[in-house]
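Numbering (this note's numbering), first residue to last: 733 to 1127.
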């Protein structure tokens, strides 16, 4: 009898224990669900409050796409970072779903880029290299420009390292940021950023032409016109000229000699377009860069003199000595004119497009510029309205 009573009591305790365990599990599940809902709400509120509303990151439809990569990968991707096959983005270059981020130093990056073949049997692409502080206010205009030309271009973004927000994976700008460092206007860090962009773009062997742009730049022709103009050009477009004024030769430092003489000294626009051969020469230079870094001090600014002087000294036959990016310096100030909403019209843009005369591949041409700057963010709306009729963009 005693044993039966003990067994009965033990069963009762076990039943009560099962009920307690079940209750605990249920409460844990409920608490996890509450935390998940609360976390989702807080994250959404955080994005709304913290992320600036003027950042351009549009929500488009995600397209399923797979491609083989022609890029010389800098690191091995972990399986955990690989996207689901049903969410692969339709990138506009042959690299497919490849994150441009890597852990290489600038020295390692340049050494790797120099070893990449200078010619390729791949389809020739244009590399659009954006040197920006952060967001691209005119991004929607660029999206329309790139639309429908997948496989013919690559995009590279050099932003402030403090700017770490990415557009959705449906945007052509998604995962196009490269490892960046802080940049100061007129300082060697500006040249470092340009070389960093070139080196990253050179890792993709199918990139054929390389265009440096800012967040205030716009294309002034449609993609097909610009693509044909650049891929058929027999030289690069890097501005370089002898300026006898104080803001030209007057910035030359005699300590640069004998490596760089006054006769070598040149000035030019920062915004260049170069072919693959010249891009490799630019990132390969060490001697002239060191001279500029040590002796080009204000009022000498490296972004106005280093590349024009380098090209004139090393490969004068590879450039037309002109730029394809139009800028208005008529104001006589240290910075060019910034155009506002009220300035945008078909007449104004056509004057930029056809108002000059130049030489293209040895023949006279009225198309001398393919891009223009500086355009304020408030020009986006009138530009989008005029684009379908002027550039043939889809509405």
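Yeah, the Cβ is synthetic: ideal placement off N, Cα and C, and Gly gets one too.
Where residue 1006 is concerned, the enclosing beta strand (DSSP E) starts and stops at 1005 to 1007. Annotated three-state conformation of residue 950 is strand, per DSSP.
For residue 1121, the enclosing alpha helix (DSSP H) has its first and last residue at 1112 to 1122. Taking residue 1005 as reference, the option from 832, 1117 and 1053 with the minimal CA-CA separation is 1053. The three-state secondary structure of residue 931, taken from DSSP, is helix.
Comparing alpha carbon positions, the residue from 1084, 936 and 1072 closest to residue 855 is 936.
With fewer than 16 other Cβ atoms inside 10 Å of its own Cβ, residue 991 counts as exposed. Within the stretch 1001 to 1035, the complete beta strand (DSSP E) runs of at least 3 residues fall at 1005 to 1007. Under the three-state reduction of DSSP, residue 1103 is assigned to strand.
Beyond the five residues adjoining it in sequence on each side, residue 1107 comes within less than 6 Å, by CB distance, of 948, 950 and 1071 in the same chain, given in chain order. Counting along the chain, the unbroken alpha helix (DSSP H) around residue 960 starts and ends at 955 to 963. When DSSP states are grouped into helix, strand and coil, residue 924 belongs to the helix group.
Boundaries of the alpha helix (DSSP H) harbouring residue 1084: 1078 to 1086, taken from the DSSP string. Only exposed fits residue 994, as fewer than 16 other CB atoms lie within 10 angstroms of its CB.
According to the DSSP assignment, residue 870 belongs to no alpha helix (DSSP H), since it is labelled neither H nor E. Closest by C-alpha distance to residue 1021, out of 1045, 1031 and 873, is 1045. Between residue 1089 and residue 1098 the beta-carbon gap is near 6 Å, inside 8 Å, which marks them as a contact. Scanning its chain for C-beta atoms nearer than 8 Å, with the 5 sequence neighbours on each side dropped, one finds around residue 1040 the residues 970, 971, 972, 973, 998, 999 and 1000, in chain order. By the Cβ neighbour-count rule, residue 979 is exposed, with fewer than 16 other Cβ atoms within 10 Å of its own. One Cα belongs to residue 911, the other to residue 923, and the distance between them is close to 15 Å.
In its chain, beyond the 5 residues on either side, 954 have a beta carbon closer than 6 Å to the beta carbon of residue 1124. Using a C-beta cut-off of 8 Å, the stretch 1063 to 1080 makes no contact with the stretch 1003 to 1017, since fewer than three inter-stretch Cβ pairs fall below that distance. Its chain contains 994 and 997 as the residues whose beta carbon lies nearer than 7 Å to that of residue 984, once the 5 sequence neighbours on both sides are disregarded; these appear in chain order. The beta strand (DSSP E) runs of length 3 or more contained entirely in the stretch 875 to 900 are, from start to end of the chain, 885 to 890. Beta-bridge annotation (DSSP): residue 1057 is paired with 1103. If you draw a 10 Å sphere on the C-beta of residue 759, you find fewer than 16 other C-beta atoms in it, and that means exposed.
The three-state reading of DSSP puts residue 1038 in helix, counting H, G and I together. Under the DSSP assignment, residue 847 falls in the alpha helix (DSSP H) whose first and last residues are 838 to 847. Here DSSP, grouped into helix, strand and coil, assigns residue 1072 to coil. According to DSSP, residue pairing for residue 969 in a beta bridge involves 1005. Where residue 941 is concerned, the enclosing beta strand (DSSP E) starts and stops at 939 to 945.
Looking at the DSSP output, residue 1092 sits in a beta bridge with 1095.
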